[in-house]
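Following: one structure in structure tokens, then a few remarks.
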Amino acid sequence: MVLTAREHEYWDGRALVFYSIGFAVSIALCLLWLASSLRLFSRSASARAVLLGGIAAGAALAAAPLSAGYYTGDDAAGIVQMVTSALAFVAAMVATVGLLAARPTAARPSPAYLAPAPSAQPRREQGWYSDPSDPSGLRWWDGLSWTEHTRPA
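In numbering that gives the first Met the number 0, the protein residues as written are 0 to 152.
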């Protein structure tokens with residue numbers, strides 16, 4: 000609140016607290032938005048555009064409370080300040096919608112030709128099996144190949 004006495008303006012203490020809180024909240028919201036945007040910065044061109052727009056809108060929104068008490072709608076500076084604040088608000092809303100739309104989608108599945116080919120024969124577990132070179136004995140299969148270990152059947 001700006002009080003007028005004898006054509007001089009002075010700040011009421013309550014107004015300073017009000018504008019300081021508004022400024023702090025604006026800065027906090029801009030920092031939260033910036034932190035979430037930076038996670039998407041390298042993933043998407045639209046996220047980069049949203050980030051730059053949001054920085055500009057956030058700066059204007061954060062600066063608006065500082066000048067809110069200096070001008071009224073009666074003079075040109077006050078009208079410019081109100082229009083700038085309204086445009087900054089609209090830009091922040093557009094940037095927020097753009098940020099939500101720019102979220103990365105799930106990764107695409109890899110093409111089938113990149114998957115490893117299944118083996119021609121099913122794998123057998125380790126164990127003693129009939130020896131292919133001597134049907135009367137058993138040979139140890141290690142899961143990949145026959146070993147030299149044998150025993151009678």
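Think of the CB as a built atom: it goes at the ideal place given N, C-alpha and C, for glycine as much as any other residue.
- request: Measure the alpha-carbon distance for residue 148 versus residue 137 and round it to whole angstroms.
  value: Cα-Cα distance, rounded: 9 Å.
Per-residue DSSP class, three states only, for residue 28: The answer is helix: DSSP assigns residue 28 an H, G or I state.
- request: Could you please give me the residues that DSSP links to residue 129 through a beta bridge?
  value: 137
- prompt: Among 146, 82, 89 and 93, which one has its Cα closest to the Cα of residue 130?
  reply: 146
Rounded Cβ spacing between residue 123 and residue 140 (contact assumed at less than 8 Å): 6 Å
Cβ-Cβ separation, residue 135 to residue 152 (assumed contact under 8 Å), whole Å: 6 Å
query: Between which two residues does the beta strand (DSSP E) containing residue 150 stretch?
result: That run of the beta strand (DSSP E) goes 145-151.
Burial state of residue 87, where buried means 16 or more other Cβ atoms lie within 10 Å: buried
query: By how many angstroms is the C-alpha of residue 28 removed from the C-alpha of residue 85?
result: 17 Å
- prompt: Leaving out five residues before and five after residue 112 in sequence, what residues of the same chain have Cβ atoms less than 7 Å from its Cβ?
  reply: With a pLDDT of 45 at residue 112, under the threshold of 50, the modelled position of this residue cannot be trusted; read the value that follows with caution. Nothing meets the Cβ criterion.
message: Within a Cβ cutoff of 6 Å, which residues of the same chain sit near residue 142, ignoring the five residues on either side of it in sequence?
response: 125
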